[in-house]
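First the structure, in the form of structure tokens, and then the observations on it.
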Amino acid sequence: ETEIVSVDNDMDNLLSYQRAVDILKNGGVVAFPTETVYGLGALATDADAVQRIFEAKGRPSDNPLIVHIGNKEAVDKFAVDVPENARKLMDAFWPGPLTLVFHKRPGVIAENVSPGFDTVGLRMPDHPVALTLLRTLDGPLAAPSANRSGKPSPTEAAHVLTDLKGRIPLIVDGGKTGVGVESTVLDMTANPPEILRPGGVTREMIEEVIGPVHAESKSPSASDEEAPRAPGMKYMHYAPESPLFVIQPDEAEIREAVRQLHSEGKRVAVIGPDEFEIAEADWYFPVGPLHDNVAMAGNLYGAIRKCDLTDADLILAAATDHKGVGAAVMNRLLKAADGKRFNG
Ligand code: TXA
Ligand code: MG
Numbered sequence: 002e003t004e005i006v007s008v009d010n011d012m013d014n015l016l017s018y019q020r021a022v023d024i025l026k027n028g029g030v031v032a033f034p035t036e037t038v039y040g041l042g043a044l045a046t047d048a049d050a051v052q053r054i055f056e057a058k059g060r061p062s063d064n065p066l067i068v069h070i071g072n073k074e075a076v077d078k079f080a081v082d083v084p085e086n087a088r089k090l091m092d093a094f095w096p097g098p099l100t101l102v103f104h105k106r107p108g109v110i111a112e113n114v115s116p117g118f119d120t121v122g123l124r125m126p127d128h129p130v131a132l133t134l135l136r137t138l139d140g141p142l143a144a145p146s147a148n149r150s151g152k153p154s155p156t157e158a159a160h161v162l163t164d165l166k167g168r169i170p171l172i173v174d175g176g177k178t179g180v181g182v183e184s185t186v187l188d189m190t191a192n193p194p195e196i197l198r199p200g201g202v203t204r205e206m207i208e209e210v211i212g213p214v215h216a217e218s219k220s221p222s223a224s225d226e227e228a229p230r231a232p233g234m235k236y237m238h239y240a241p242e243s244p245l246f247v248i249q250p251d252e253a254e255i256r257e258a259v260r261q262l263h264s265e266g267k268r269v270a271v272i273g274p275d276e277f278e279i280a281e282a283d284w285y286f287p288v289g290p291l292h293d294n295v296a297m298a299g300n301l302y303g304a305i306r307k308c309d310l311t312d313a314d315l316i317l318a319a320a321t322d323h324k325g326v327g328a329a330v331m332n333r334l335l336k337a338a339d340g341k342r343f344n345g
């Protein structure tokens, strides 16, 4: 059975953290909130514990995991050849949604965290619950998103329960996460550094601190062959149960699309901005004000999960621009769509 403990400002918190730490120290896995999405953590120095993450998620074990740390100083315990630019980024954005890939210090992190790689992805999450857990544990936590493989990342404890009930012993419930899409992954072993996955810390923010970095094109699709250095990106991620199509954020165009799909006998769920009134839609899930990319990032995965609970034959999701976290939102949306755009 999966137990859920809520942590807030009450007196029982210490006991809840201690329970989580006991499980982790004994080689178990625990789900916990970060500022991006919920993670499924295991002690990163314990290969058997890390193996339990792959089993609970049903995740291919050649996809490397991010290692979470509770303070900047821990970087040098797990990585070598940390460049000066990385220190600048850590000072600017840690704690925060930025994962930095470094050369791995041999013999510290369990081999199955990044199997076959001589690198390790490190990040210090900006969430009081994650930081308290890491500091109470006093060790590194390997933690991918706490979803079943192929599902959207969880932004609420209830999402974790839906996916992993009975498969993990404990969920630490810290409420809804903030950013809502996963961290930016930046490979510091490449020259110039390369963004392997866009996220809450944008390219512009990074370049302001260290100058030009390399980034993939703006419209990836899940079926694209991608660089072997970003192995996680080759898997089909965030896939909803019904086919999802990206559509222009234009109210009239969406209404017309729904009418057309109805004439083909299809039931349609729509993900779009708060302002749109798509009376024709069988289901409408708003994700915040039009072009409020921060709101959209926070609400997108929850909306996709809501679509999965309907009988929709098809999902239309309104696009946004690439400003700020919009680049990460569009990256995830196009992956969920497997690159498909609706054009009548
Ligand atoms: O926001 C996040 O990053 C969340 C929360 C829980 O921290 N975690 C997360 O983990 O999204 P996961 O395992 O779902 O995604 C890890 C991504 C993958 O795309 C993987 O390929 C990449 O990070 N990654 C991790 N270590 C790497 C390494 N050594 N080299 C290249 N890519 C790496
Ligand atoms: Mg994930």
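The numbering of the sequence shown is UniProt numbering, which starts it at 2 and goes up by one.
Virtual Cβ for every residue (Gly too), placed ideally from N, Cα, C.
Owing to the predicted nature of the structure, the values given are computational and were not obtained by experimental measurement.
Quick one, which of GLY176, PRO141, GLY289, SER146 has its alpha-carbon nearest ASP164's?
SER146
Cβ of THR321 within 7 Å of any heavy atom in the ligand TXA?
no
Strictly by DSSP, which residues pair up with ALA318?
VAL247, ILE272
With C-beta atoms as the reference, is LEU90 less than 8 Å away from ILE207?
yes
Start and end of the beta strand (DSSP E) containing VAL214?
Neither: VAL214 is in no beta strand (DSSP E) and is coded neither H nor E.
Among LEU16, VAL38, ALA45, LEU15, which one has its Cα closest to the Cα of GLY29?
ALA45
Can you list, in chain order, the residues of its chain whose CB lies under 6 Å from that of ARG198, leaving out five sequence neighbours each side?
VAL186
Determine the DSSP secondary structure at GLY303, reduced to helix, strand or coil.
helix
With a threshold of 7 Å, establish whether the CB of SER62 neighbours any heavy atom of the ligand MG.
no
Just reading off the alpha helix (DSSP H) that GLU252 is part of, what are its end residues?
Where GLU252 is concerned, the enclosing alpha helix (DSSP H) starts and stops at 252-264.
Please report the Cβ distance between ALA319 and PRO250, rounded to the nearest whole angstrom; I am assuming they are in contact, meaning their Cβ atoms lie under 8 Å.
4 Å
Give me the Cα-Cα distance between VAL271 and VAL31, rounded to the nearest whole angstrom.
34 Å
Does the Cβ of LEU334 have 16 or more other Cβ atoms within 10 Å, making it buried, or fewer, making it exposed?
buried
Does the Cβ of SER150 lie closer than 7 Å to at least one heavy atom of the ligand TXA?
Incorrect: SER150 has no Cβ contact closer than 7 Å to the ligand TXA.
Using only CA atoms, which one of PRO244, VAL38, THR3, LEU123 lies nearest to ALA57?
Comparing Cα-Cα distances from ALA57 to each of PRO244, VAL38, THR3, LEU123, the minimum goes to THR3.
Taking C-beta to C-beta, are PHE286 and LYS267 nearer than 8 Å?
no
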